[in-house]
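Protein chains in written order, with our numbering: chain A, 1 to 188; chain B, 1001 to 1250.
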Amino acid sequence: MITRGLSYGLLSARRRARDLILPVITTATGAFLLVQVLSLAGSVRRQAASLGNGAEVYRAVLLISVVVLLVGVVEVAVCATRTISQRTREIGVLGAAGVRRAPVVAALLVEPVLAALAGAVTGSVIAVVGGVAASAAGLSSSAPDAAGAAAGVILAIAVSLIASLLTSALPTWRAASVPPIRSLSSGG
Amino acid sequence: MTSLTEAAQNDAAASPAEPVVRAKHVWKLHKLGDEVVKALVDATLTVQPGEFACLMGPSGSGKSTLLNIIGGLDRPTKGTVFIDGRDTAALSESQFAALRHDTVGFIFQSYNLIPFLSAVENVELPLMFEPVDRAALRQRAMDLLELVGLAHRASHQPAKLSGGEQQRTAIARSLIGQPRLVLADEPTANLDQRTGAVVVRLLRDLCSSMGVTVVASTHDPLVAEEASRVLRMQDGRIVSTTGQPHPPEA
């Protein structure tokens, strides 16, 4: 049943691809910033250390990374909420047809998770390729740090996936638990 | 695969004596602030297999409330409802969902088709989450679209279908699980008279040729004309019944 739910979720994500563009772009922006910050963190810290205030600058860079991550999480949560409100009637129809809750939740989670994954990968790729290209073209004074970039990519993908699941699972479960009569009478 | 008509008739013949719906002294009260609104007052009805029963009345008369309670989308404040011989008061929400899945099909006033699915996929929807053979499901959905005269529109999404075509697709969807009971809430309300007549005849034919029991709520006299029994409702009460409590002749 869960497998069928996932398969329905993939079908709906494919058909609703246009609705995924915005969440993909916003997640990609967050991932891009995170990878950029972490790939440049090393060189920023080194330059700051030569000026004698390395610790403060590094803490500032970390703070920026955390803020970027939080913005990404909020974006993913907004995406999940929007998806659920758009699909309330659909949830009601499935509930009226007696479809069980678990596969419905699985189906509805596919979209935010796919958007988060696609956004994180896209943003990471653009950040890495852009960083390398800028450095090669002499547009950047310092080369991106490979280890920092790798950490940024892993962190961006992991945080996006976990955040999409954490922020989507509860509202999706709640929406699927609403009596069908209420879902059907909603405007979504 | 057995033909649709054959399968439904065999199913209906399995327990001919058992009413599909038996509601006794059903009340539904809503609390609005300090006021208690009586949406349904002591409603009692029995619907036999193959009947086309019509709940008729103006807006706010309680017909949709009764329909929703029969279908388990809402629970009564008091009274008992038996569907296919099962006391629904004894069922948990998930057990009622399973009963709906196996026994009841819904047709809604606003069709409620899923906009990103094609007509045939919309028909398949209630069974899409089941471990059923995909090819057989597609064939059955196509057979149902053929039954409602829409096989040629199978690949069209709802936005490309007229109101009548959308409602006929919804009728096909309500039949995909081979239900004993189809509940239609204002099935012609959003349709012009000619299209409404097509939909009503289709519902009547479901009863006569497939042995499906239909309970429809409406304020459309056309639906009442085709129904085998009309229960008139007013202020939450069933005030009169006309017609026979038996299925019409095929």
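Built from N, CA and C at the ideal position, the CB exists for glycine as well.
### Task
Take C79/A and list the residues in its own chain whose beta-carbon comes closer than 7 Å to its own, dropping the five residues that flank it on each side.
P23, P112, A115
### Query
Below 7 Å between beta carbons: does that hold for P1187/B and V1199/B?
yes
### Task
Can you pull the chain B residues whose beta carbon is under 7 Å from the beta carbon of A181/A, in chain order?
Ala is not the amino acid found at residue 181/A; the sequence shown has Ile there. Simply N1068, L1073, D1074.
### Task
For R15/A, decide whether its Cβ has a neighbour in chain B, counting only Cβ atoms nearer than 7 Å.
yes
### Query
Which two residues bound the contiguous alpha helix (DSSP H) that contains R1100/B?
1093 to 1103
### Message
Are the CB atoms of V37/A and S65/A within a distance shorter than 7 Å?
### Response
yes
### Task
Leaving out five residues on either side along the sequence, give the residues of the same chain with a beta carbon under 8 Å from the beta carbon of I25/A.
G119
### Query
Taking just the CA atoms, how far does V178/A sit from L1137/B?
28 Å
#### Entry: Contacts around P180/A, its chain only, beta-carbon distance under 6 Å, and the 5 residues preceding and following it disregarded
G92, G95, A96
### Query
Over what stretch of residues does the alpha helix (DSSP H) that includes L1110/B continue unbroken?
The question names Leu, but residue 1110/B is Ser in the sequence shown. No alpha helix (DSSP H) holds S1110/B; DSSP gives it neither H nor E.
### Task
Could you tell me whether any Cβ in chain B is nearer than 7 Å to the Cβ of P112/A?
no
### Query
Under 6 Å from any heavy atom of the ligand GDP, does the C-beta of I1083/B make it?
By its list of ligands, the structure shown contains no ligand whatsoever, and the ligand GDP lies outside what it can speak to.
### Message
For L194/A and G138/A, what's the separation of their Cα atoms in angstroms?
### Response
Nothing about residue 194/A can be reported from this structure: the residues present for chain A run from 1 to 188 only.
### Query
Taking the alpha carbon of A1184/B as the point to measure from, which residue in V1021/B, G1071/B, M1210/B, P1019/B has its own alpha carbon closest?
G1071/B
### Task
Spell out whether any CB of chain A is found under 7 Å from the CB atom of M1001/B.
Low confidence applies to M1001/B: its pLDDT is 43, below 50, so where it sits in the model is not reliable enough to give any reading.
### Query
For the candidate residues A1039/B, Q1166/B, A1053/B, H1101/B, whose alpha-carbon lies nearest to that of R1022/B?
A1053/B
### 6 Å CB neighbourhood of D1074/B in its chain, flanking five on each side removed
N1068
### Query
Is the beta carbon of V35/A less than 7 Å from the beta carbon of G152/A?
yes
### Task
Starting from Q1234/B, follow the beta strand (DSSP E) in both directions and report where the run begins and ends.
1229 to 1234
### Query
Relative to the alpha-carbon of P1076/B, which residue among E1121/B, D1034/B, A1090/B has its alpha-carbon at the smallest distance?
A1090/B
### Span of the beta strand (DSSP E) around M1/A
Unbroken run through M1/A: none, as it is neither H nor E.
### Message
At the 7 Å Cβ level, is P1126/B part of the contact set with chain A, yes or no?
### Response
yes
### Query
Helix or strand or just coil, what does DSSP make of V113/A?
helix
### Query
Tell me, which residues are paired with G152/A by DSSP?
None; G152/A has no bridge partner.
### Three or more C-beta pairs below 8 Å linking the region 1147 to 1160 of chain B and the region 1096 to 1109 of chain B
no
### Task
Give every residue of the same chain whose Cβ lies closer than 7 Å to the Cβ of F1129/B, excluding the five residues on either side of it in the sequence, and list them in chain order.
none
### Query
From P1233/B to A31/A, what distance separates their C-alpha atoms?
As written in the sequence, residue 1233/B is Met, which differs from the Pro given in the question. Cα to Cα, M1233/B sits roughly 60 Å from A31/A.
### Task
Using a Cβ cut-off of 7 Å, pull out every chain A residue sitting near F1116/B, in sequence order please.
S12, R15, R16
### Query
How big is the Cα-Cα spacing for A1097/B and V61/A?
53 Å
### Task
Quick one: residues in its chain with C-beta nearer than 8 Å to the C-beta of T1046/B, no 5 flanking neighbours on either side, listed in chain order?
P1019, V1021, R1022, A1023, P1245
### Query
With 16 other CB atoms within 10 Å as the buried threshold, where does E1035/B fall?
exposed
### Task
Can you grab the Cα-Cα spacing for the pair A133/A / V121/A, in whole Å?
18 Å
### Task
Report the rounded CA-to-CA distance for D1243/B versus A1224/B, giving the unit in angstroms.
The amino acid occupying residue 1243/B in the given sequence is Gly; Asp does not appear at that position. Taking the straight line from one Cα to the other gives about 10 Å.
### Query
Which residues in the same chain have their Cβ closer than 6 Å to the Cβ of P1061/B, if we skip the five residues on either side of it in sequence?
Residue identity check: residue 1061/B is Ser in the sequence provided, not Pro. Once the five neighbours on either side are set aside, the close Cβ partners of S1061/B are M1233, Q1234.
### Query
Mapping DSSP to helix, strand and coil, what is V67/A?
helix
### Query
Using a C-beta to C-beta distance shorter than 9 Å, which residues of chain A count as neighbours of N1112/B?
R89, E90, G92, V93, A96, L184
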